[in-house]
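Notes to accompany the following structure.
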Amino acid sequence: MASKIKADQFETLDGSGNITLNNSVTMASTKTLPAASLTGALPAISAAALTSIPAGNLTGTVADARISTLTASKLTGALPAISGANLTGVTSTTINNNADNRVITGSGTANTLEGESGLTFNGTVLHTNAGTSGASTHAASRIRIEDDTHCGIEITTPNTSEQYIMFSDPQGQAGEIKYAHASDLMQFNSTGSHKFVQGATTHMEIDSNGFVKTPKTPVFRGRYSTEASTTGISDLIYQNQEIDVGSCYNPSNGRFTAPVSGYYYLTAMLGTYKNGSARGISLRMHVNGGSAKLTADSFLAPAPSSNAHTSNTVSGILLLAANDYVHMSLQSHSTYSFTTYPAEGRGNFSGFMITAT
184 MASKIKADQF
194 ETLDGSGNIT
204 LNNSVTMAST
214 KTLPAASLTG
224 ALPAISAAAL
234 TSIPAGNLTG
244 TVADARISTL
254 TASKLTGALP
264 AISGANLTGV
274 TSTTINNNAD
284 NRVITGSGTA
294 NTLEGESGLT
304 FNGTVLHTNA
314 GTSGASTHAA
324 SRIRIEDDTH
334 CGIEITTPNT
344 SEQYIMFSDP
354 QGQAGEIKYA
364 HASDLMQFNS
374 TGSHKFVQGA
384 TTHMEIDSNG
394 FVKTPKTPVF
404 RGRYSTEAST
414 TGISDLIYQN
424 QEIDVGSCYN
434 PSNGRFTAPV
444 SGYYYLTAML
454 GTYKNGSARG
464 ISLRMHVNGG
474 SAKLTADSFL
484 APAPSSNAHT
494 SNTVSGILLL
504 AANDYVHMSL
514 QSHSTYSFTT
524 YPAEGRGNFS
534 GFMITAT
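Using our numbering, the first residue of the sequence shown is number 184, and each one after it goes up by one.
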């Protein structure tokens, strides 16, 4: 059985100096030794078995020689700011020509990057700039290719493949431009119409049913409305303008003026009736006031003894230059008079452009 000594205090006989313990002292696991009771210099001891020391209790400087290996798993929490001036073995990277928004690319030199002055991204627009064009950027632009001379976009594939530019929305693909190399075919696809627009004006549209609409193609029709007796040759003025797409017909002088060079289909009709011995009548189409380009004749034999009705119609395709004009005339081939008779649609002058040249 171990011996026990119970006492509140131990001190030397004279009340001064240290008490010497010649053997080890073991403290019960339930007991603590207050820090205030530890004074003076402590002997050097091994810290190999120390655990759970709060970081706040570690102060002062740890000598470099005392740290042999420090693994990443031992570093937690926020590290204090330190200087990297004396770090060694760290490779630095140089960026040449760096500036705001420039895209950084590699170079032919190790550890060196290039800031591309001709390729920038500002967070909205990717801009390639091989030269200044002076043009402004459209508000909807997200990719801009600029040069002070010719430039373009090139898509290349093997000669048996197809190339696409596609347009999509949340409902799916809405349109595409496709080129098929195998058949050398350029194809425009959409779920709706194809329109060719200049500013706010539609010049041509292919609707979803395949119909081609050209709302600016010149088309006109004038109607003759006067019943009058005449002799010899007279210019015809179809006074009532019924159709005039392109402002190409003048009802005051009966002239159709070609707005652009091209092939035009033109036709004219006029009903007449002959008085007495009037037998032959010609309806003629003139270009720029010259001799007739097209003529339609009517002839009655024998000569009628009283009024006889007839109609003349002339039509054909003419190649006209821009600003050429066409008008109609009527000629009697005798000294007897005849009367124009436009009733029931017998007096019309009309036409349209087939194709521009």
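Note that the Cβ used here is the ideal one computed from N, Cα and C, for glycine as well.
Just the C-alpha distance for Asn433 and Ala313, rounded to the nearest angstrom, thanks. One C-alpha to the other measures close to 53 angstroms.
Cα separation between Asn471 and Arg529? Distance between the alpha carbons of Asn471 and Arg529: 25 angstroms.
Between Phe235 and Asn305, what straight-line distance do the alpha-carbon atoms span, to the nearest angstrom? Before going further, note that residue 235 is Ser rather than Phe in the sequence given. Rounded to whole angstroms, Ser235 to Asn305 spans 51 angstroms at the Cα level.
Going by CA-CA distance only, name the one from Ile426, Lys257, Gly317 and Lys457 that's closest to Asp331. Gly317
Cβ of Gly358 within 9 angstroms of Cβ of Phe371? The criterion of a C-beta distance shorter than 9 angstroms is satisfied by Gly358 and Phe371.
Close-in-space but distant-in-sequence residues of the same chain around Tyr447 (CB under 6 angstroms, 5 per side omitted): Excluding the 5 residues flanking it on each side, Tyr447 has same chain C-beta neighbours closer than 6 angstroms at Leu501, Leu503, Gly534 and Met536, in chain order.
Rank Thr320, Ser324, Gln422 and Gln192 by C-alpha distance to the C-alpha of Ile202 and give the top, closest one. Gln192
Pro442 versus Ile287: straight-line alpha-carbon distance, rounded: 56 angstroms
What did DSSP end up calling Lys257 once you bin it into helix, strand or coil? Here DSSP, grouped into helix, strand and coil, assigns Lys257 to helix.
So is the beta-carbon of Gly534 under 8 angstroms away from any non-hydrogen atom of the ligand SAM? By its list of ligands, the structure shown contains no ligand whatsoever, and the ligand SAM lies outside what it can speak to.
What did DSSP end up calling Asn280 once you bin it into helix, strand or coil? coil
Please name the residue in Thr397, Gln424, Asp197 and Gln346 whose C-alpha comes closest to that of Thr538. Thr397
In three-state terms, what does DSSP make of Glu194? coil
Exposed unless 16 or more other CB atoms sit within 10 angstroms - verdict on Ala323: exposed
Check whether the Cβ atoms of Ile516 and Met468 lie closer than 9 angstroms to each other. Note on identity: in this sequence residue 516 is His, with Ile being the wrong assignment. Going by C-beta atoms, His516 is not nearer than 9 angstroms to Met468.
Residue burial classification, Val497 (beta-carbon count within 10 angstroms, cutoff 16): buried
Could you say which of Ile336, Gly473 and Ser417 lies nearest to Leu453 if we only look at CA atoms? Ser417
Compute the distance between the beta-carbons of Glu410 and Pro525, then report whether it is under 9 angstroms. Yes, the Cβ-Cβ distance between Glu410 and Pro525 is below 9 angstroms.
Would a C-beta distance cut-off of 9 angstroms place Ile338 and Ile326 closer than the cut-off? no
Runs of beta strand (DSSP E) wholly within the region 400-470 (minimum 3 residues, chain order): 402-406, 416-419, 423-428, 438-440, 445-457 and 463-470
Leu513, buried or exposed, once every other Cβ within 10 Å from all chains shown has been counted against 16: buried
For Arg285 and Glu299, what's the separation of their Cα atoms in angstroms? 6 angstroms
Per DSSP, what kind of secondary structure is Glu345 in: helix, strand or coil? Strand at Glu345.
Going by DSSP in three states, Ala526 sits in which element: helix, strand or coil? helix
So, helix, strand or coil for Asn372, using DSSP? strand
What residue range is occupied by the uninterrupted beta strand (DSSP E) comprising Met387? Thr384 to Ile389
Nearest residue (CA-CA) to Ser430, options Gly289, Arg404 and Thr414: Arg404
Should Leu449 and Gly437 be called a contact, given that it needs their Cβ atoms to be closer than 9 angstroms? no
Quick one: give me the first and last residue of the beta strand (DSSP E) that Met511 is part of. Tyr508 to Ser515
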